[in-house]
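Residue numbers (our numbering), protein chains in the order written: chain A, 1 to 243; chain B, 1001 to 1243; chain C, 2001 to 2243; chain D, 3001 to 3243. First comes the structure, then the notes that go with it.
4 protein chains.
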Amino acid sequence: MALDIEKLQLAPAYRVVSDDLRRRIVAGSLEQGDILPTETELASRFGVHRSTIREGLRQLEQEGLLRRDGKKLLVSMPRQSDLASTAERALRLRQVNFRDVWEVASALEPLCASLAARQITADELALLERSLARTEAVVAAGESPVAADIEFLDLVASATHNQALRLARGPVSLLMHAGYAAIAPALPQSGPRLLAVHRQMLDALRQRDAALAEAIARRHMQDYRRGCEVAGLDMSLPIPPCT
Amino acid sequence: MALDIEKLQLAPAYRVVSDDLRRRIVAGSLEQGDILPTETELASRFGVHRSTIREGLRQLEQEGLLRRDGKKLLVSMPRQSDLASTAERALRLRQVNFRDVWEVASALEPLCASLAARQITADELALLERSLARTEAVVAAGESPVAADIEFLDLVASATHNQALRLARGPVSLLMHAGYAAIAPALPQSGPRLLAVHRQMLDALRQRDAALAEAIARRHMQDYRRGCEVAGLDMSLPIPPCT
Amino acid sequence: MALDIEKLQLAPAYRVVSDDLRRRIVAGSLEQGDILPTETELASRFGVHRSTIREGLRQLEQEGLLRRDGKKLLVSMPRQSDLASTAERALRLRQVNFRDVWEVASALEPLCASLAARQITADELALLERSLARTEAVVAAGESPVAADIEFLDLVASATHNQALRLARGPVSLLMHAGYAAIAPALPQSGPRLLAVHRQMLDALRQRDAALAEAIARRHMQDYRRGCEVAGLDMSLPIPPCT
Amino acid sequence: MALDIEKLQLAPAYRVVSDDLRRRIVAGSLEQGDILPTETELASRFGVHRSTIREGLRQLEQEGLLRRDGKKLLVSMPRQSDLASTAERALRLRQVNFRDVWEVASALEPLCASLAARQITADELALLERSLARTEAVVAAGESPVAADIEFLDLVASATHNQALRLARGPVSLLMHAGYAAIAPALPQSGPRLLAVHRQMLDALRQRDAALAEAIARRHMQDYRRGCEVAGLDMSLPIPPCT
DNA sequence: GTGGTCTAGACCACT
DNA sequence: GTGGTCTAGACCACG
């Protein structure tokens, strides 16, 4: 009597559902923008209860592969911003400090600038110009230029057309934002200084001058560090957990 | 009779639960490794149904703040590897190409090397030595050195003690891995070459020579690009969606 | 977007276990008398908890495919007697009456006798002789001959080598037993009368005289009915639920 | 000091539960169709864990005294069909052959017919008429009349109002069905022939002619045997173990 | 919220 | 050590 018994592996129904749909999305048999059948329909197709379907869909939504638009359930790409905020939260929890973030940003932002100078389109230049105009208004009004800087840098990053780069700098950008917001009030000059940098960067990009753009970005990052020193901020301090 | 009725809390009960627990975790009153009470216990403490508790816990699990070990529910930090694999999947779906990934890696890996040279501990050096020994065995056996390279670089990244950097390079590392695996079979010299780089890097780190380590990392990244050329791989090709 | 989704079929682990083992038994890869591994061993082989194994084994035990002998778990055939007692209980619950049982017995016992006369072996004849001897002792002692009659008739039924017949008459025999036991005390002659019938039957079987054996069985059944009349028993009364 | 110690209660808790409930059912304090409290409720009433309750309930379910309808647990009688299928499986495992089954059926079906002729009600006659009409349609369509024959004979058996008889013939009927299904395709005349027998039987029952009904049933059984001969089926072959 | 299922671990009795 | 029993708690699917 030789019993050759295999180990059982039992996947719960909701995981079978989510795995099946994920496979179809990744494999391309469900394309971005496709509308899924109703939950009831899916329930009857899979032969399980609607709750089970919902449990599976929940997972895919959180992965960003599905998105709800009104009542419709659309196949979608995970949004860079969703991933960024998740990562940002994780980093804050791990008590990442300003210096760590700054170090990474110092590597990525010049790369962004350099690549953007090579890849940027006219449309993207126009977007940057509009952003610059808004920044001028903000600075003229004496308001905090932090949000404006973030917007500008995000646009530059977009202009690289490098998804991996955008994804990598996403959370770093958010955290730099937080750090900058902490010191900006103590630096009355930060607004005009920022504005000048943005103008130089836009010029460099217009001229497709990658080396110049990169140098400006590098200087911009140095400004941050100098700002911290001037403001008396210890870069070893962790960025506080938000929320 | 004047009824002063409070505005209804529109936050669903499960969100109250998850927010409360998240606050305790973030505030440190629940520490990493702590075991939560049973769901039943939580349900009675919060005065809600167990299903509600479960819904709240689910949210925290997906945030990575809770982790199940067997039946136990422990407080935990989000794992870098989880975030990395999610991000990796997203990038593959967006059909990121080898060049994009390589560009980012070329910025981050030298930074890793440089910082690691300054921050690495004796223990971490020992880990790298063991990794190198394994790589030697793998290369001697003529097996693929891809996994060994990944392991080595991950250890270097850990030695920076920079969470932001580790998180940013996580998905990039996974994708480089995939790209390297695609070309390695066509490059019989890649094993010995890799081994030499690892040895040089370990030496540089031992000597705390940041500039040298950075230079080696830069050269390592150049090797990748040259490998692609030799293997005839078009770096504009998207990395295929896995799984 | 054509979604061709298969219905999920999720078998619980304990059913996978029982189905797997049942298949092996029915297919013959586990033979009657084989000893199964311990529950703990099975649990580790299947990769599930012992409780899950027990749940699966329970099913097979109740089907009669497994039997416990001390600590050992043996592969076995379902026993006719188990099925009979289950059926007997069901019939009592449904308040089956003496007449119903008698009617069925009147059809089956003569058939038993007839077939036994054709199929009986020497060994079986010997068993019947020993049974007859015990009956003589019982009757001589003035004890109740009910059990003796049951034993004799069961032996005759066995001698038909017809499993379907044995199974069909099983519960009927048990209930006749109960009915007979109710009236026997009121019939002092029943012992000797029974003994005479057994002797005649044994003779008929020895001579392989199917017609005679059948006639004797028929008469035997008539004796039961007459006994009821003599004892003043209303055959429409239900046989009481036992236990 | 005299210690009078009672024998320990060796009955396990789950058995106390099942015995208690069985007693209530058999005694009638729980009637057929009554709904039991939830398992949780029973657990708290008996003061044991839910698993223990479940163990007890399982026993009663397998005895057929309880039945689940959706989530409800109702008191019920054991179903003849459950017992029949268990017995059928046992017989197949024991490799019962066609002849054995046929022999028993030859004794029981005529008895059914005879008793039914005496006991049948107007309602039951109407059911038989409807069954006959369906059979006519099936035969006219050239489909297999096997299921129709089973239905008709089961209705006749029901009309005897003899539970013992119905229970005894249950598994035999199932196995005859299997045997008939095996040969029916080879007998193009079997449909019309069957239809004629059903019509005659219905007439005999309408006229309450027990002797005629019995004779028709006897002939019907002979038809089966002849069918086997015509189809070239060896009646000594075992009916194969199903599933 | 209910039942079905699974895991985990414990204690006892046998042996 | 093995099986029998019991408790506890958790996950899952359904409604």
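Ideal Cβ placement from N, Cα and C applies to all residues, glycine included.
Is the beta carbon of residue j closer than 8 angstroms to that of residue i?
i: C:Lys2071; j: A:Gly47; result: no
i: B:Ala1157; j: B:Arg1169; result: yes
i: B:Leu1091; j: B:Pro1171; result: yes
i: D:Lys3102; j: D:Met3201; result: The residue asked about is misnamed: residue 3102 of chain D is Trp in this sequence, not Lys. Their beta carbons are not under 8 angstroms apart, which means D:Trp3102 does not touch D:Met3201 by this criterion.
i: A:Leu125; j: A:Arg206; result: yes
i: C:Ile2053; j: C:Glu2039; result: yes
i: A:Leu109; j: A:His220; result: A quick correction: the sequence has Glu, not Leu, at residue 109 of chain A. Yes, the pair counts as a contact, with Cβ atoms nearer than the cut-off.
i: B:Gln1095; j: B:His1161; result: no
i: C:His2177; j: C:Val2146; result: yes
i: C:Gly2142; j: C:Ile2183; result: no
i: C:Leu2010; j: C:Gly2056; result: no
i: C:Ala2210; j: C:Ser2106; result: no
i: A:Ile5; j: C:Arg2089; result: no
i: A:Gly179; j: A:Ile216; result: no
i: C:Leu2167; j: C:Phe2152; result: no
i: D:Val3026; j: C:Leu2093; result: yes
i: A:Pro185; j: C:Leu2003; result: no
Since residue i contacts residue j with CB under 8 angstroms, what's their CB separation in whole angstroms?
i: C:Ala2231; j: C:Leu2187; result: 6 angstroms
i: D:Leu3074; j: D:Leu3083; result: About 19 angstroms separates the two Cβ atoms, so there is no contact after all.
i: B:Leu1165; j: B:Cys1112; result: 6 angstroms
i: A:Asn97; j: A:Leu237; result: 6 angstroms
i: B:Ala1087; j: B:Ala1204; result: Rounded, the Cβ-Cβ distance is 29 angstroms, inconsistent with contact.
i: A:Ser18; j: A:Gln62; result: With 8 angstroms as the limit, A:Ser18 and A:Gln62 do not qualify as a contact, their Cβ atoms being about 10 angstroms apart.
i: A:Gln163; j: B:Asp1100; result: 6 angstroms
What residue range is occupied by the uninterrupted beta strand (DSSP E) comprising residue i?
i: B:Val1048; result: Unbroken run through B:Val1048: none, as it is neither H nor E.
i: C:Asp2069; result: 2066-2069
i: D:Leu3074; result: 3072-3075
Let's see if you can read the secondary structure: which residues bound the alpha helix (DSSP H) around residue i?
i: D:His3198; result: 3190-3206
i: B:Leu1237; result: Premise fails: B:Leu1237 is in no alpha helix (DSSP H) and is neither H nor E.
i: A:Thr38; result: It is not in any alpha helix (DSSP H) - A:Thr38 carries neither H nor E in the DSSP assignment.
i: D:Ala3186; result: Element bounds for D:Ala3186: n/a, residue is neither H nor E.
i: B:Thr1135; result: 1122-1140
i: D:Ala3011; result: Element bounds for D:Ala3011: n/a, residue is neither H nor E.
i: A:Asp82; result: 80-93
i: A:Val146; result: 146-159
i: B:Ser1106; result: 1098-1119
Do three or more CB pairs link the segment 3187-3198 of chain D to the segment 3073-3088 of chain D at distances below 8 angstroms? no
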